[in-house]
Each structure stands twice: as structure tokens, then as C-alpha cells.
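Just so you know, the sequence shown maps onto residues 1 to 391 in the UniProt record's numbering.
We treat Cβ as the ideally placed atom computed from N, Cα and C, and that holds for glycine.
Working notes for the structure below.
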Amino acid sequence: MEAITLAAHATSEAHPSYSPMPWSLKEIRAAIPATCFQRNTCRSFLYLFRDLFMAAVLCCLATSIDPFFSSPNINPGLPSWWFQGLVFTGIWVIGHECGHGAFSAHRKINDTIGFVTHSFLWTPYFSWKISHHRHHISHASMERDEVYVPKTRSDLGLPPPGTDFDYEDIFGDTPIYTLFILLRQQLLAFPAYLLFNSSGQKHYPKWTNHFTPSSILFTKGQRRAVIISNLGLFIMVCAVREAVVMYGAKSVIKYYGIPWLAVTHWFIMITYLHHTDPVVPHFRGKQWNFQRGAAATVDRPFLGWQGEFFLHSVARYHVVHHFFPKMPFYHGKEATDALKKFIGPYYTFSEKPVFQALWENYNRCQFVDDQGGIVFYRDKKGDSAVTTGVY
Numbered sequence: 001m002e003a004i005t006l007a008a009h010a011t012s013e014a015h016p017s018y019s020p021m022p023w024s025l026k027e028i029r030a031a032i033p034a035t036c037f038q039r040n041t042c043r044s045f046l047y048l049f050r051d052l053f054m055a056a057v058l059c060c061l062a063t064s065i066d067p068f069f070s071s072p073n074i075n076p077g078l079p080s081w082w083f084q085g086l087v088f089t090g091i092w093v094i095g096h097e098c099g100h101g102a103f104s105a106h107r108k109i110n111d112t113i114g115f116v117t118h119s120f121l122w123t124p125y126f127s128w129k130i131s132h133h134r135h136h137i138s139h140a141s142m143e144r145d146e147v148y149v150p151k152t153r154s155d156l157g158l159p160p161p162g163t164d165f166d167y168e169d170i171f172g173d174t175p176i177y178t179l180f181i182l183l184r185q186q187l188l189a190f191p192a193y194l195l196f197n198s199s200g201q202k203h204y205p206k207w208t209n210h211f212t213p214s215s216i217l218f219t220k221g222q223r224r225a226v227i228i229s230n231l232g233l234f235i236m237v238c239a240v241r242e243a244v245v246m247y248g249a250k251s252v253i254k255y256y257g258i259p260w261l262a263v264t265h266w267f268i269m270i271t272y273l274h275h276t277d278p279v280v281p282h283f284r285g286k287q288w289n290f291q292r293g294a295a296a297t298v299d300r301p302f303l304g305w306q307g308e309f310f311l312h313s314v315a316r317y318h319v320v321h322h323f324f325p326k327m328p329f330y331h332g333k334e335a336t337d338a339l340k341k342f343i344g345p346y347y348t349f350s351e352k353p354v355f356q357a358l359w360e361n362y363n364r365c366q367f368v369d370d371q372g373g374i375v376f377y378r379d380k381k382g383d384s385a386v387t388t389g390v391y
């Protein structure tokens with residue numbers, strides 16, 4: 001099989017063929033060093049304390065420096081927002097680790113830390129943990145995945161393949177309008193997913209969300225956890241209200257609101273680029289299995305050293321995370337090296353600058369075909385970057 005790599009598509013017009021992964025999950029796990037699965041609670045806490053310390057220092061610096069810049073032409077908040085947004089996102093990633101049980105071998109520690117960190121960043125911890133678990137166990141399944149489910153031809157009212165059709169009528173938006181829609185996605189997609197199941201399964205009821213205990217996302221036994229998640233967000237509402245009374249709305253927005261908005265941007269950008277790419281397959285029916293779905297994502301050196309340090313390499317070692325979500329992030333490099341050596345061309349890595357990748361993928365990944373056990377995104381001209389044969 002020809003290697004499916006993003007670099008190959010960047011320089012060639014050829015459409016490589018794809019055949020599904022042959023190995024079992026047991027075979028793949030055996031290729032990973034056993035030490036990579038060990039969770040160290042103390043080490044995890046050190047990363048958390050480091051992030052909390054950086055957040056406190058950045059907040060103190062921002063409030064201390066502000067009075068010295070009275071000119072409207074100088075905004076000292078810009079670098080503060082950038083780095084505080086990254087630090088907040090790193091704290092969110094720690095909560096994500098907790099949701100998978102990767103922070104500690106002790107469930108109560110995981111859930112306590114995860115509940116606090118995610119509630120602080122307006123994420124319903126238990127509710128999102130439940131749906132995110134379902135995303136992992138059904139990743140890249142057209143019928144069962146929970147998020148970033150591609151639109152199909154029929155969803156968009158497009159004719160079958162081979163039909164003489166001008167795709168420009170549907171996708172011929174101006175770059176300015178496309179940029180506006182992309183910015184809307186970056187700032188609002190995560191709240192929209194939590195509130196309205198945006199980008200989730202289309203066969204779910206219309207008002208599916210992460211806050212109603214009786215939502216189809218949850219079982220009866222999980223409803224108590226949903227209520228606790230909602231309580232965490234209610235506490236945050238009260239805390240923010242008190243902060244506004246004490247410090248004023250402008251200060252709360254400046255020192256907390258804008259960095260939080262950066263979290264939603266980074267989170268969506270990271271996850272979108274993980275799961276939306278012309279060379280990433282999606283599966284139907286019997287063509288899907290866990291390991292094939294796990295490999296259907298992309299590793300990226302997101303923001304270089306800043307992504308490694310502030311974001312705990314969440315984008316750099318995401319493929320192995322989908323294979324083994326309980327593995328701590330600090331074992332990601334060693335595990336990825338072993339995984340890459342074993343699965344070879346089924347491992348996908350892109351060195352493309354992430355903002356360039358975001359723009360290109362947003363324009364290239366429009367829909368998939370209604371038929372086929374293995375499908376790839378088609379672009380605004382109806383073309384696919386990869387061919388699959390008959391499956």
C-alpha cells in the first residue's frame with residue numbers, strides 16, 4: 001500500500017489508493033512499551049500546579065502592567081491574552097486527561113480534578129466526558145461517532161457521483177464570506193456542540209444537548225452526573241457574577257473572558273484538524289473497527305514549542321491517544337515512535353503550518369459520498385484526494 005501522508009498530497013496530483021488496516025488492537029498494543037501505560041499521579045499534579053502557577057503569574061502581570069499603558073495605540077493585553085489563552089487551554093487538557101482516567105489511577109482524583117478544571121472553563125465535565133467516551137469508542141464511524149461527522153451528498157442536496165453538475169452553485173462562496181464562517185466556527189462551535197449537538201449525529205432528536213439529563217446522549221444511570229456537571233457551571237455563573245460586582249465587567253472580560261474565548265478557539269482548531277482532513281477516512285458498517293477508527297486522525301506539531309509546552313503536546317501525539325486514551329500525555333512521544341514504527345503508512349503526520357491547514361481543510365473538506373464502506377472528504381469541485389477501490 002502506498003503511504004498515506006499529507007506531504008505526498010501537497011506535491012502530487014496523483015490520488016493514492018487506500019486499503020484498511022489489517023492488525024488487531026492486541027497486536028498494536030503489544031508493539032508499545034509497557035512503561036507508556038503507567039500513570040503517575042504526582043507527575044500529573046506537577047503539570048497541573050505548573051499551569052495554575054503560570055495562570056496566576058500572567059494574571060498578576062497583566063493587572064500590574066496595565067496602568068503604565070495609557071495610550072490607546074498600545075494594548076498590553078494582546079500578549080497576555082495569547083499566553084493566558086494557551087495556559088487556560090493547557091488546564092483544559094489536564095481536565096481532558098482526567099476524563100480519560102489518564103491523570104491518575106484513582107478515579108476519585110481524576111473526577112475531582114477534571115470537574116474543577118473543566119467547570120472553571122465552562123465545560124460540563126461529566127456530560128462531556130460521557131459523550132467524548134462515545135466519540136472514542138466509535139471514532140470515524142459514520143453511524144456512531146459523536147462529533148465531526150461529515151455531511152453527505154444527500155445532506156447537501158447534491159446529485160450522485162458522475163452526474164453532470166456545477167458544484168460552484170453550492171460551494172462558490174467568496175473568500176471573505178468563507179473566512180467569516182470559519183471565524184464563527186472557531187469562536188462558537190464548542191458552545192454550539194454542547195448546546196445544540198452541532199456537528200454531531202444527525203439522527204439524534206432536534207434538541208439534543210449536554211445539559212438535559214434526559215438527553216439521548218445519556219443513560220438513566222448517568223443523569224445524576226449530568227446534574228452535577230450543571231451544578232458546576234451554576235457555581236461558575238455565581239462566581240463570575242460576584243467577580244463582576246467586585247471588579248467590574250470590563251476587568252472580568254479582559255482578564256478571564258477573552259482568555260476563555262481563546263480556549264474555545266484553540267480547542268476547536270486542534271480537534272477540527274485532528275479529525276477533518278482530505279486523507280482521513282471515515283467508515284460505514286463492517287468496514288469500521290476500533291483500530292481503523294483510531295488511526296483515522298492526524299498528528300501535527302501545533303504551534304511548535306508553545307504547543308509542546310503549554311498544550312501538553314495534545315495535537316502532536318493525538319493518534320496514539322485514540323488508540324490508548326488512558327495513556328498519560330507525557331508518554332506520548334515514546335508511544336508514538338513505537339506506534340509509527342509498527343503501523344507504518346497508516347500513521348498520518350502533517351508538518352503543514354496549522355493556520356494554513358485550517359484554511360485549506362475548511363475549503364477542501366466539504367462532504368462524503370452516501371455510499372461506500374470507506375469514504376474520504378470531497379472538495380468544492382467534488383474531487384477526493386484518496387481513492388478506496390470497492391469496499
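The residue from GLU168, HIS132, ASP51 and GLY200 with its alpha-carbon nearest to that of HIS322 is HIS132.
The alpha-carbon separation between ASP145 and LEU61 amounts to approximately 43 Å.
For a cut-off of 8 Å, the C-beta gap from TYR167 to LYS381 is around 6 Å, short enough to register as a contact. Under the criterion of beta carbons closer than 8 Å, ARG292 and PRO20 qualify as touching, at roughly 6 Å. By DSSP's assignment, ILE28 forms no beta bridge with any residue. Straight-line measurement puts the Cα of ILE170 at about 48 Å from the Cα of SER44. Here VAL375 is bridged, per DSSP, to HIS282. ASP51 sits in a helix when the DSSP states are folded into three classes. Counting the other Cβ atoms within 10 Å of the Cβ of ALA56 gives fewer than 16, which makes it exposed.
If you check the CB distance, PHE310 and THR89 come in under 8 Å. Going by C-alpha positions, ASP383 is about 42 Å away from PRO213. Note: SER17 is bridge-paired with THR387 in the DSSP secondary-structure output. For TRP23, there is no enclosing alpha helix (DSSP H), as DSSP gives it neither H nor E. Looking at the backbone, the Cα of PRO259 and that of HIS118 are separated by about 14 Å. If you compare the alpha carbons of PHE324, GLU360 and VAL314 with that of TRP92, the shortest gap goes to VAL314. In the DSSP annotation of this structure, the continuous segment of the alpha helix (DSSP H) that includes VAL245 starts and ends at 223 to 247. With the rule of 3 Cβ pairs closer than 8 Å, the region 351 to 365 counts as touching the region 260 to 273. DSSP, reduced to helix, strand and coil, places THR208 outside both helices and strands of the structure shown, so it counts as coil. Collapsing the DSSP output to three states places SER141 in a strand. The three-state secondary structure of VAL368, taken from DSSP, is strand. If you check the CB distance, ALA102 and PRO325 come in under 8 Å. Within the same chain, and ignoring the five residues on either side of PHE349 in sequence, the residues whose Cβ sits closer than 6 Å to its Cβ are ASP299. CYS98 and VAL116 have their alpha carbons spaced roughly 11 Å apart. Put simply, the backbone Cα of LEU339 is about 30 Å away from that of GLN366.
An exposed status is given to PRO205, since fewer than 16 other beta-carbon atoms sit within 10 Å of its beta-carbon. If you check the CB distance, PRO124 and ASN230 come in under 8 Å.
With 16 or more neighbouring CB atoms inside 10 Å of its own CB, HIS331 falls in the buried class. Inclusion of GLN222 and ILE130 in the CB contact set at 8 Å is warranted, their separation being smaller than that value. Following the DSSP letters along the chain, one finds PRO175 inside the alpha helix (DSSP H) bounded by residues 175 to 196.
Setting aside the 5 residues that flank it on each side, LYS286 is surrounded in the same chain by GLY373, each with a C-beta closer than 8 Å to its C-beta; the list follows chain order. If one requires a minimum length of 3 residues, no beta strand (DSSP E) run lies completely within the region 269 to 347. Rounded to the nearest whole angstrom, the C-alpha separation of ILE94 and LEU48 is 7 Å. In this structure, THR276 sits near TYR148, with a CB-CB distance shorter than 8 Å. Assigned with DSSP and collapsed to three states, PHE349 falls in strand.
Collapsing the DSSP output to three states places THR152 in a strand. In the three-state scheme derived from DSSP, where H, G and I count as helix and E and B as strand, GLN356 is classed as helix.
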